[in-house]
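A short worksheet on the structure shown next.
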Amino acid sequence: VKGSKSVERNPTAIRRILDAAQECIGKAGFDGASMRDIAATAGVSKALVHYHFHTKDELFLEVQAVAFRRLVGRMEELAGAGDPSPDRALRGLDQVWELLTRFRAQVPLTLELWGQATRRPELRQRVDDFAAETLALTERGLRATLGDHAARMPLPPERVAKLLHTTLWGTAIQAWFQRDRAEANRMYADLRVLLEHALIDKESSC
């Protein structure tokens with residue numbers, strides 16, 4: 405491993421490992437997906453996988469984190485395309501929902517990690533840290549797209565972010581279980597209407 409650091413630190417190799425981990429967990433579950441299988445799927449050595457990710461827990465949590473950072477990055481790109489506004493926040497939320505439904509393979513990974521965390525205290529701390537990071541990223545995306553309008557919401561941005569975070573994940577999980585994307589989209593549309601009215605009503609009263 406030490407003799408091939410130029411390869412090991414290649415971001416492309418890391419991306420292949422993360423993609424392979426997501427694929428393996430989707431097929432075999434948390435317990436069934438081994439680091440050896442992940443390495444074989446990624447086309448790299450097992451030593452290289454362990455070089456970047458010391459444990460399977462760490463690897464799978466990073467798969468989750470990368471996907472979520474990508475979602476928030478899309479919201480921040482949207483915010484940078486013009487002046488922040490409620491409409492821009494809603495369009496950012498639409499993009500987040502679109503990506504969440506596209507990344508449905510993340511759902512079994514999330515459920516596997518949560519289940520493991522209830523039995524393993526050391527993993528529970530890592531899952532809690534991940535949840536705190538994704539919640540903070542949700543709030544950051546909300547503030548970025550709303551700008552000064554965030555102060556006019558009926559609830560503080562951090563509380564709105566928590567509601568959005570929980571509701572979006574819950575809807576995505578239900579959609580995965582029921583395999584009914586149309587119903588999930590209707591639920592998201594209802595959530596969007598409620599948020600839109602909350603933002604517009606508050607704006608019109610100012």
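In this note's numbering, the protein residues as written are 405 to 610.
Quick reminder that beta carbons are idealized off the backbone N, C-alpha and C, glycines included.
All values derive from a computational prediction rather than experimental measurement.
Contact between Arg556 and Leu494 is absent: CB atoms are separated by about 15 Å, not below the 8 Å threshold. In this structure, DSSP gives Thr575 a helical state, which the three-state scheme calls helix. Within the same chain, Cβ atoms closer than 7 Å to the Cβ of Glu427 are found at Thr445, the five residues on either side in sequence being excluded. Here Ile421 really is in contact with His456; their C-beta atoms are around 6 Å apart, less than 8 Å.
The three-state secondary structure of Ala555, taken from DSSP, is helix.
The C-beta of Leu598 has fewer than 16 other C-beta atoms within 10 Å across all chains shown, which makes the residue exposed. Runs of the alpha helix (DSSP H) lying entirely within the region 412 to 478 and spanning at least 4 residues, in chain order: 415 to 436, 439 to 446 and 450 to 456.
For Arg583, no alpha helix (DSSP H) segment is defined, and its DSSP state is neither H nor E.
Shown here, Arg528 sits in a helix according to DSSP, grouped into three states. Looking at the backbone, the Cα of Glu516 and that of Arg563 are separated by about 27 Å.
Spatial neighbours of Trp501 in its own chain (CB-CB distance under 7 Å, excluding positions within 5 residues in sequence) are listed in chain order as Leu572 and Tyr592.
In the three-state scheme derived from DSSP, where H, G and I count as helix and E and B as strand, Pro488 is classed as coil.
Sixteen is the threshold: when 16 or more other Cβ atoms of the shown chains lie within 10 Å of the Cβ of Arg492, as they do, the residue is buried. In this structure, Phe434 places its C-beta atom within 9 Å of the C-beta atom of Leu513. Distance from the CA atom of Leu497 to the CA atom of Ala471, rounded to whole angstroms, is 15 Å. Shown here for Lys450: same chain residues with a beta carbon closer than 8 Å to its own, the five before and five after excluded, namely Met439, Arg440 and Ala443 in chain order.
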